[in-house]
Ligand code: UDP
């Protein structure tokens, strides 16, 4: 197993919005199931996949703060939103016959397991998809930083951020027809040009630990497996 894979162990970052589909809010289970089939295909090819899910389809700390909430409190609400998404994704994965476990950075033992690094590694070795919920467990961070952190902790060969576009552009390709797309980027270039890939903390953490960041489209069926084989359309930041 694992033959032909450039990345055997990958951390997949799914934004909350990826679970929303064409809706404006919340979770579209048909989308969660489509994403699960992509993950199932990758597992079937011998890959080990861990997932960090965002919460932006339900609640974002900054949005709460803009309405007058204390930022830290709003961030805890955002982290709780990611737990809901994680449970939905676990359900969808199990429906695709992929064993999956949710591990939360904020302990809530009646809902899911708590994040303990050796436990997460054990699940991965046993062929289960580990879904990391509640981000880093700290306010003022993002799930992109959580994804980078967990990727390093889990010894993943890369962190792959699933988006709706096929890589990193110098401006939003959905708004600007002349936007330039990159096949490859340096961490320093992403930071210097303030390219909208991940927040600066996440990129700096990846850079300091030599973790490649792959940005790819999950809208195109089969692309996750192609990316694992080093053949998918994506931007690689290293
Ligand atoms: N969040 C946090 N600490 C973390 C990760 C997330 O406080 O380590 C909060 C933050 O308020 C954020 C929300 O959870 O807005 C949802 O996460 P994020 O915005 O990263 O989700 P995504 O944009 O990927 O859907």
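Numbering (full-length UniProt numbering), first residue to last: 7 to 244. We treat Cβ as the ideally placed atom computed from N, Cα and C, and that holds for glycine. Here the structure is a predicted model, which means the values were calculated and not measured.
Nearest to residue i (by Cα), restricted to the options the options
{"i": "residue 194", "options": "137, 243, 168", "result": "243"}
{"i": "residue 157", "options": "218, 183, 133", "result": "218"}
{"i": "residue 81", "options": "43, 186, 143", "result": "143"}
{"i": "residue 136", "options": "167, 45, 79, 51", "result": "45"}
{"i": "residue 175", "options": "224, 185, 23", "result": "185"}
{"i": "residue 105", "options": "225, 226, 161, 54", "result": "54"}
{"i": "residue 121", "options": "141, 27, 203, 76", "result": "141"}
{"i": "residue 159", "options": "149, 127, 116", "result": "127"}
{"i": "residue 21", "options": "138, 215, 213, 231", "result": "138"}
{"i": "residue 114", "options": "129, 86, 132", "result": "86"}
Distance between residue j and residue i (C-alpha atoms, nearest Å)
{"i": "residue 178", "j": "residue 199", "result": "14 Å"}
{"i": "residue 17", "j": "residue 40", "result": "18 Å"}
{"i": "residue 72", "j": "residue 206", "result": "21 Å"}
{"i": "residue 109", "j": "residue 66", "result": "20 Å"}
{"i": "residue 88", "j": "residue 189", "result": "30 Å"}
{"i": "residue 145", "j": "residue 119", "result": "20 Å"}
{"i": "residue 7", "j": "residue 96", "result": "The predicted model places residue 7 with a pLDDT of 49, which falls under 50 and marks its position as unreliable; any figure quoted below should be read in that light. If I take the Cα positions, the gap works out to 24 Å."}
{"i": "residue 49", "j": "residue 182", "result": "36 Å"}
{"i": "residue 234", "j": "residue 11", "result": "6 Å"}
{"i": "residue 63", "j": "residue 35", "result": "13 Å"}
Beta-carbon proximity of residue i to residue j, cut-off 8 Å
{"i": "residue 151", "j": "residue 221", "result": "no"}
{"i": "residue 229", "j": "residue 236", "result": "no"}
{"i": "residue 58", "j": "residue 153", "result": "yes"}
{"i": "residue 91", "j": "residue 61", "result": "yes"}
{"i": "residue 99", "j": "residue 42", "result": "yes"}
{"i": "residue 56", "j": "residue 224", "result": "no"}
{"i": "residue 258", "j": "residue 164", "result": "Any property of residue 258 remains undetermined from this structure, which presents the chain solely from 7 to 244."}
{"i": "residue 167", "j": "residue 19", "result": "yes"}
Endpoints, alpha helix (DSSP H) assigned at residue i
{"i": "residue 232", "result": "229-234"}
{"i": "residue 131", "result": "123-131"}
{"i": "residue 196", "result": "193-198"}
{"i": "residue 2", "result": "Past the boundaries of the shown model lies residue 2; the chain is included only from 7 to 244, so the question cannot be answered."}
{"i": "residue 158", "result": "149-159"}
{"i": "residue 72", "result": "67-72"}
For residue i, three-class secondary structure by DSSP
{"i": "residue 13", "result": "coil"}
{"i": "residue 7", "result": "Only weak support exists for where residue 7 lies, its pLDDT of 49 falling under 50; the coordinates are left without a value."}
{"i": "residue 42", "result": "helix"}
{"i": "residue 177", "result": "coil"}
{"i": "residue 54", "result": "strand"}
{"i": "residue 117", "result": "coil"}
{"i": "residue 33", "result": "coil"}
{"i": "residue 244", "result": "coil"}
{"i": "residue 213", "result": "helix"}
The beta strand (DSSP E) enclosing residue i, as first and last residue numbers
{"i": "residue 110", "result": "106-110"}
{"i": "residue 166", "result": "164-169"}
{"i": "residue 219", "result": "219-223"}
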